[in-house]
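Colleague: Read left to right, the sequence shown gives residues 176 to 641 (our numbering). We put the CB at the ideal spot given by N, CA and C, even for glycine.
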Amino acid sequence: MLETTQNENLFAPGTPAAPGRDAHAAGLPLAERMRPAELSSFFGQRHLVGKQGALRPLLDSGKLHSMIFWGDPGIGKTTLARLLAGHVDADFLQLSAVTSGVKDVRQVIDRATTMRRQERRTVLFIDEIHRFNKAQQDALLHAVEEGVVTLIGATTENPSFEVIAPLLSRCRVYRFNPLNKDELSSLIGHVYQADPETSEAGILLDKKARTALIALASGDARECLNLLERSLERARHLKKKRVDLKLLETVAAQALSRYDKSGDRHYDTISAFIKSVRNSDPDAAVYYLARMIEAGEDPLFIARRLIILASEDVGNANPNALLLAQAGFDAVHKIGMPEGRIVLSQVTTYLAASEKSNAAYVAINEAQEEVRKGNLPPIPLQIRNAPTKLMKAQGYGEGYVYAHNEANATSAMPCLPEELAGRKFYRPKNFGAEAKIKHRLEELDRIREQIRAGSKPDASNGEESR
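#1: Could you pull out every residue in the same chain whose Cβ sits closer than 8 angstroms to the Cβ of T524, ignoring the five residues on either side in sequence?
#2: Using three-state DSSP, classify Q501 as helix, strand or coil.
#3: Work out the CA separation of L359 and N605 for me, nearest whole Å.
#4: Is it the case that the Cβ atoms of V366 and L391 are separated by a distance below 8 angstroms?
#5: Kindly indicate which residue of K567, A465, F351 has the alpha-carbon position closest to the one of G228.
#6: Quick check on the burial criterion: 16 or more other C-beta atoms within 10 angstroms. Buried or exposed for A519?
#7: On the DSSP letters alone, give me the boundaries of the beta strand (DSSP E) that V298 sits inside.
#8: On the DSSP bridge assignment, give the partners of T325 in chain order.
#9: Between the Cα of A465 and those of I482, A447, T253, spot the shortest distance and give me the residue it belongs to.
#10: Under the rule that 16 or more other beta-carbon atoms within 10 Å means buried, what is D488, buried or exposed?
#11: Extract the residue ranges of the beta strand (DSSP E) inside the region 347-387, only unbroken runs of 3 or more that lie entirely within it.
#12: Looking at C-beta atoms only, is the number of pairs between the region 253-262 and the region 282-291 that lie closer than 8 angstroms three or more?
#13: Given a threshold of 16 other Cβ atoms within 10 Å of its Cβ, counted over all protein chains shown, does R196 qualify as buried or as exposed?
#14: Excluding the five sequence neighbours on either side, which residues of its own chain have a C-beta within less than 7 angstroms of the C-beta of E320, listed in chain order?
#15: Given this structure, state the Cα-to-Cα distance separating L688 from R385, to the nearest angstrom.
#16: For I339, I'd like the list of residues in its chain whose CB is within less than 8 angstroms of its CB, leaving aside the five on either flank, ordered along the chain.
#17: Would DSSP call T330 helix, strand or coil?
#18: CB-CB under 8 angstroms to G506, same chain, minus the five flanking residues each way: which ones, in chain order?
#19: Pair every Cβ in the region 605-616 with every Cβ in the region 478-496, then say whether three or more of these pairs are closer than 8 angstroms.
#20: Three-state secondary structure (DSSP) at Q269?
#21: Quick one: is A317 buried, meaning 16 or more other Cβ sit within 10 Å of its Cβ, or exposed?
#22: At what residues does the beta strand (DSSP E) containing F606 begin and finish?
#23: Counting along the chain, where does the alpha helix (DSSP H) carrying M467 start and finish?
#24: For the region 583-597 and the region 546-557, state whether three or more C-beta atom pairs, one from each stretch, are separated by less than 8 angstroms.
#25: What is the rounded straight-line gap between the Cα of A500 and the Cα of S532?
#26: DSSP on M669, reduced to helix/strand/coil?
#27: Extract the residue ranges of the alpha helix (DSSP H) inside the region 521-560, only unbroken runs of 4 or more that lie entirely within it.
#28: When you compare each of A496, D443, I510 to P474 by their alpha carbons, which one comes out closest?
#29: Locate the beta strand (DSSP E) running through I644, then write down its first and last residues.
#30: Measuring CA to CA, which of R281, K238, N355, A212 is closest to G249?
#31: How many angstroms separate the CA atom of A470 from the CA atom of R221?
#32: Hey, out of V273, K238, L270, whose CA is closest to A722's CA?
#33: Who pairs with R417 in a beta bridge, going by DSSP?
#34: For V298, count neighbouring C-beta atoms within 10 Å of its own C-beta (all shown protein chains included) and say buried if the count is 16 or more, exposed if not.
#35: In angstroms, rounded to a whole number, what distance separates the CA positions of Y442 and L484?
#36: Compare the C-alpha of E294 against each of L270, D264, F300, Q282 and name the closest.
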């Protein structure tokens, strides 16, 4: 679906309405009524639009380049895109990646090509660009490269993973931050000053309710305005002249379970979740999973934590755990919520019930600690690459033994520096598949000792001999 504006400033209360658009009479939602008409009324993202912001040179010069806005919902990506288009006097065309296809992209490009002949610039804004598939993104490449359109894409996902490299290389990525408490507080104050419907109602917001509202919003301006609007409507219905904490709690309902999403409650819950999985307690783990889901936690955040758990706490005791966790992330990403909760539950209970080992986690920690201490002896010459004659003359690669040519696919050739000889970073445990790995490594140590002693090593049996 294509939305278009031509030289349109978004109407904001306190400024003249756009022709034919009376926000107060139309009864638009508060979040829509409060969209700023100019950059000076834009809340947040000072690192981008402030006096020293990354976008300030573009704003001062009246020029735009293609860009990707990356950040959470409700923090101004769409609004800023519209403001930028208006600032450079360009046509603004908008596509939603959820409902648009290649045909829609081509229609936009055709329209932009026509406008270019009339010396009109076109800004194409694509919401949720991470949902565009490769073919849809490919269709944009030439138009972006040739300047037919200036692309502004918005995404809540890391564009490095979700946007194809050729398109990403033609854009600059700008990270959006959640609004801080002061910015949200200023936004609430602005509502009372600039929105006639709010100011005329004469319903105040008390201090405790204001503090709770800001915390509930968790940096999301849209959520803040929506919850404020519902609270004011509730107060009006009850013929109250004040929104207090009790009324806000009633309106927020389930939202209160994520009261401090970025604070202690958030971290306590994810900590309890991780430790329950680690302790092989699927019942506790799925309970804390349910609390996070009901609190509105980002399901991909949970899925990412499960991937980390699969390596850190299950490891090689069950190598399939990492595969399932990665598949779970992909599935949640593709299907979204609420169905994604079923996938999260499956992965959570599987990891909780699985045999566990943190040996791989301990190994990398100890190895990194050794490096950080400055213990960096020279790499043994026999395992260095020797691409030039000079390197060969200096002994690079001399004494290298190709393991596959040996009877047991190993040799006594040392790979660690001499100063670290015999050091064991990876110490597998006797759980699950890692017990087999432990037996294999012990067998290899025995074979190497036999080789060093000058005796012919015994042939291994089973998998070890292959």
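Modeller: So, to answer that:
#1: In the sequence shown, the residue the question calls residue 524 occupies position 349. Closer than 8 angstroms at the Cβ level, and outside the excluded window around T524, lie P457, A460, V461.
#2: Position 326 of the sequence shown, counted from the start, is the residue given in the question as residue 501. The answer is helix: DSSP assigns Q501 an H, G or I state.
#3: Sequence index remark: in the sequence shown, residue 605 carries index 430 (1-based). Sequence index remark: in the sequence shown, residue 359 carries index 184 (1-based). When rounded, the distance between both Cα atoms is 53 angstroms.
#4: For this step, residue 366 is matched to residue 191 along the sequence shown. For this step, residue 391 is matched to residue 216 along the sequence shown. No, Cβ-Cβ distance for V366 and L391 is not below 8 angstroms.
#5: Counting from one through the sequence shown, the residue named residue 228 turns up at place 53. For the residues K567, A465, F351, the minimum Cα distance to G228 belongs to F351.
#6: Residue 519 sits at position 344 when you count from the first residue of the sequence shown. Residue 519 is actually Leu in this sequence, not Ala. By the 10 Å Cβ count, L519 comes out buried.
#7: Position 123 of the sequence shown, counting from 1, holds the residue named residue 298. Looking at the DSSP string, the run of the beta strand (DSSP E) that includes V298 is 297-302.
#8: Against the sequence shown, residue 325 aligns to sequence position 150. T325 pairs with V298.
#9: Sequence index remark: in the sequence shown, residue 465 carries index 290 (1-based). It is A447 whose Cα lies nearest to the Cα of A465.
#10: Numbered from its first residue, the sequence shown carries residue 488 at position 313. Counting Cβ neighbours within 10 Å, D488 comes out buried, since at least 16 surround it.
#11: 347-350
#12: no
#13: Here the question's residue 196 lines up with position 21 in the sequence shown. Bear in mind that a pLDDT of 38 at R196, under 50, signals an unreliable position, so the model cannot answer this.
#14: Sequence index remark: in the sequence shown, residue 320 carries index 145 (1-based). Answer for E320: R345, listed in chain order.
#15: Because the chain is modelled from 176 through 641, residue 688 falls outside the range shown and cannot be assessed.
#16: For the purposes of this step, residue 339 is taken as residue 164 along the sequence shown, with counting starting at 1. The residues are K309, Q312, D313.
#17: In the sequence shown, residue 330 corresponds to position 155, counting from 1. Here T330 sits in strand by DSSP.
#18: If you number the sequence shown from 1, residue 506 lands on position 331. Sequence check: residue 506 is Ala here, not Gly. If we look at A506 and ignore the five residues flanking it on each side, its Cβ neighbours are G515, V518.
#19: yes
#20: Here residue 269 refers to the residue found at position 94 when the sequence shown is read from its first residue. Note: Q269 maps to strand in three-state DSSP.
#21: The sequence position of residue 317 within the sequence shown is 142, counting from 1. Note that residue 317 is His in the sequence shown here, rather than Ala. So H317 counts as exposed.
#22: Position 431 of the sequence shown, counting from 1, holds the residue named residue 606. Where F606 is concerned, there is no enclosing beta strand (DSSP E), given that its DSSP letter is neither H nor E.
#23: Translated into the one-based positions of the sequence shown, residue 467 becomes position 292. From DSSP, the alpha helix (DSSP H) with M467 extends over 457-469.
#24: yes
#25: If you number the sequence shown from 1, residue 500 lands on position 325. If you number the sequence shown from 1, residue 532 lands on position 357. Going from the Cα of A500 to the Cα of S532 covers about 16 angstroms.
#26: Nothing about residue 669 can be reported from this structure: the residues present for the chain run from 176 to 641 only.
#27: 534-547
#28: The residue given as residue 474 occupies position 299 in the sequence shown. With distances taken between Cα atoms, P474 lies closest to I510.
#29: The requested residue 644 is not part of the displayed model; the chain covers only 176 to 641.
#30: Sequence index remark: in the sequence shown, residue 249 carries index 74 (1-based). When each option's Cα is compared against that of G249, the closest is N355.
#31: As a first step, residue 470 is located in the sequence shown; it is residue number 295 there, counting from the start. As a first step, residue 221 is located in the sequence shown; it is residue number 46 there, counting from the start. Each residue's Cα considered, the two are about 29 angstroms apart.
#32: The displayed coordinates of the chain run from 176 to 641. Any statement about residue 722 would go beyond what the structure contains.
#33: Working through the sequence shown from its first residue, we reach residue 417 at position 242. R417 is bridged to L379.
#34: Counted from its first residue, the sequence shown places residue 298 at position 123. It counts as buried.
#35: Within the sequence shown, the letter at position 267 stands for residue 442. Within the sequence shown, the letter at position 309 stands for residue 484. So the two alpha carbons sit approximately 16 angstroms from each other.
#36: Within the sequence shown, numbered from 1, the residue matching residue 294 stands at position 119. It is D264 whose Cα lies nearest to the Cα of E294.
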